[in-house]
Amino acid sequence: MRDDRSTVTFTIRALRQYEKDVFPDSQVYATSGPPSLHLITCSGAYDRSRGEYRDNLVVYASLDKGRSRKG
-9 MRDDRSTVTF TIRALRQYEK DVFPDSQVYA TSGPPSLHLI TCSGAYDRSR
41 GEYRDNLVVY ASLDKGRSRK G
């Protein structure tokens, strides 16, 4: 919820799995362009020797311009 008590809605537009060694930082952490939401979580096989998952899953969502409302 925003300071003015309004809410906004985002729509998922893509799911992408990336190997950690080739994670596209500039794409995922972009700070320009229209409002968006990027959820980053672990994915892929668990690598016991490294103590982590081999991949990351990124959920890309964009702002629904017509779906904000006051609370």
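Take the sequence shown: its position 26, counted from the start at 1, is 16 in my numbering, and no numbers get skipped. Virtual Cβ for every residue (Gly too), placed ideally from N, Cα, C.
A20 and S39 have their C-alpha atoms spaced approximately 32 angstroms apart. A straight-line Cα-Cα distance of about 17 angstroms links G34 and P14.
Relative to the Cα of L29, the nearest Cα in the group D(-6), Y36, R44, V49 belongs to V49. If only uninterrupted beta strand (DSSP E) runs of at least 3 residues are considered, those enclosed by the segment 21 to 46 are 26 to 37.
Here the alpha carbons of Q7 and S(-4) stand approximately 32 angstroms from one another. Rounded to the nearest angstrom, the gap between the Cα atoms of D37 and R44 is 6 angstroms.
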